[in-house]
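In what follows, a single structure is set out as structure tokens and then discussed.
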Amino acid sequence: MNLLEPRIYDGLDDLDREKYDERRIAYHSELVIIETSTVREIIHQGRLLMLLNQRDISARRSLIVDGPWASGKSTTIKLLGRIHEQRVRRRHPSQDRIPVVYITTPPKGSPRKLATEFAHFLGLPYRPRSNTTDIADAVCHVLTQARTDLVIVDEIHNLNLATSAGEDMSDHLKYFTEHMPATFVYAGINVERSGLFTGVRGKQISARSVLVRTGPFPYGDEWRALVASLEQALRLFGHRHGTLTRNAKYLHQRTGGSISSLSQLIRTAAISAILTGDEAVTRDLLDATALDHAAESVTPRPGAANAG
């Protein structure tokens with residue numbers, strides 16, 4: 000969104016100013032998706048695999064995005080899905096398609112729970128007594144008819160092949176991959192340690208998948224560029240450009256190099272600046288802004304230990 004000229008903003012009546020500030024708050028709640036080198040790599044690999052798989056009948060290749068918490072996995076795979084859907088809509092504007100499906104792996108799940116995740120996304124009705132095969136076949140039929148070519152499965156670490164339930168769900172997921180003409184993209188936390196590649200089934204997954212790892216960013220040129228991109232996106236009347244870039248090292252220490260924590264910190268501070276009327280993200284405001292518990296455990300914010 001564009002930032003109004005201060006004189007125009009000052010001339011708004013109370014209601015219009017409140018509405019405009021609500022729009023700015025909504026804007027900052029999303030802000031920009033930071034295009035890091037890892038984001039570019041995941042989008043590139045996803046695009047390559049979709050092109051590679053378009054002629055394959057079975058044994059299609061998958062993409063697995065692996066990394067610790069708050070390293071941007073879910074955000075990036077959703078961005079991949081958005082970019083692909085926009086591309087399909089532009090190319091086939093009049094066709095009724097479902098280019099992308101997004102589900103999460105159910106914890107302690109079962110084949111039926113997995114099938115119903117797909118059914119819920121599609122809004123498919125099913126009876127409580129419907130068996131797993133009937134639901135799965137209905138899902139595959141709809142997605143084939145809708146020409147779905149990208150299926151995103153988040154939280155794949157919930158699929159533990161060291162358990163019988165995990166094995167059953169893996170077999171069912173394999174059924175979907177073989178009965179849908181789509182590329183599957185998975186994301187999970189430390190999937191190698193979660194048992195995803197365990198046993199014969201795990202080796203099959205490993206042999207058919209490209210693995211891209213995410214993680215905290217080191218302090219350097221790319222980190223400073225990321226901070227600059229976020230600062231450029233701010234829509235605050237009193238913010239002094241360059242404040243965040245001058246504090247890039249501090250921001251790295253506060254967030255441990257986590258892109259997710261960095262985004263949360265700056266977005267929260269920006270919204271606070273609007274609510275208080277200060278209209279600027281300052282070092283003092285950043286110090287006073289709480290982060291997620293994991294980040295605060297690594298580097299507590301100044302004065303947090305004495306709070307309360």
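Counting from 1, position 9 in the sequence shown corresponds to residue 8 in numbering that gives the first Met the number 0; the numbering is continuous, with no gaps.
Beta carbons are placed, not taken as given, at the ideal position from N, Cα and C, and that holds for glycine.
### Query
Quick one: any contact between the stretch 280–287 and the stretch 43–50, if contact means 3 or more CB pairs under 8 Å?
no
#### Entry: Rounded C-alpha distance that separates A289 from R253
10 Å
### Query
Buried or exposed: where does W68 fall if 16 or more other Cβ atoms within 10 Å of its Cβ makes it buried?
exposed
### Message
DSSP has F183 in a bridge; who is on the other side?
### Response
In DSSP, F183 forms a bridge with V150.
### Query
By the 10 Å Cβ neighbour count, where 16 or more other Cβ atoms means buried, how is N52 classified, buried or exposed?
Counting Cβ neighbours within 10 Å, N52 comes out buried, since at least 16 surround it.
### Sub-8 Å separation of Y19 and R234 beta-carbons
no
### Task
State the DSSP-derived secondary structure class of V209, mapped to helix, strand or coil.
strand
#### Entry: Own chain partners of L2 with C-beta closer than 6 Å, once the 5 adjacent residues on each side are dropped
R234
### Query
Roughly how many whole angstroms lie between the Cα atoms of R23 and N246?
24 Å
### Query
Are there 16 or more other CB atoms within 10 angstroms of the CB of E230, so buried, or fewer, so exposed?
buried
#### Entry: Closest Cα partner of L41 within the set S109, R54, T213
In the sequence as displayed, the identity of residue 41 is Ile instead of Leu. Cα-wise, what sits closest to I41 is T213.
### Query
Excluding five sequence neighbours on each side, which residues of the same chain lie with their C-beta closer than 7 Å to the C-beta of V190?
I63, D65, I155, H156
### Message
Measuring straight from C-alpha to C-alpha, what distance separates P106 and I76?
### Response
If I take the Cα positions, the gap works out to 20 Å.
### Query
At what residues does the alpha helix (DSSP H) containing S193 begin and finish?
190–193
### Message
Check for me: the beta strand (DSSP E) holding I102 runs from which residue to which?
### Response
99–103
#### Entry: D65 in three-state terms, based on DSSP
strand
### Query
How about S61 and Y174: are their beta carbons less than 8 Å apart?
Not a contact, by the Cβ cut-off of 8 Å.
### Query
What's the C-alpha gap between A224 and H240?
Counting only the Cα atoms, H240 lies some 14 Å from A224.
### Message
Taking the beta carbon of V199 as the centre, do at least 16 other beta carbons fall within 10 Å, making it buried, or is it exposed?
### Response
exposed
### Message
For a quick check, are the C-beta atoms of A181 and L158 less than 8 Å apart?
### Response
no
### Message
Please report the straight-line C-alpha distance between V209 and T267, rounded to a whole angstrom.
### Response
35 Å
### The alpha helix (DSSP H) enclosing T281, as first and last residue numbers
Boundaries cannot be given for T281, as no alpha helix (DSSP H) includes it and DSSP labels it neither H nor E.
### Query
Is the CB-CB distance between V100 and E84 below 8 Å?
Contact: no.
### Query
Out of S257, G187, M179, which has the shortest C-alpha to C-alpha gap to P215?
S257
### Message
Quick check on the DSSP output: the alpha helix (DSSP H) that includes H43 runs from which residue to which?
### Response
36–52
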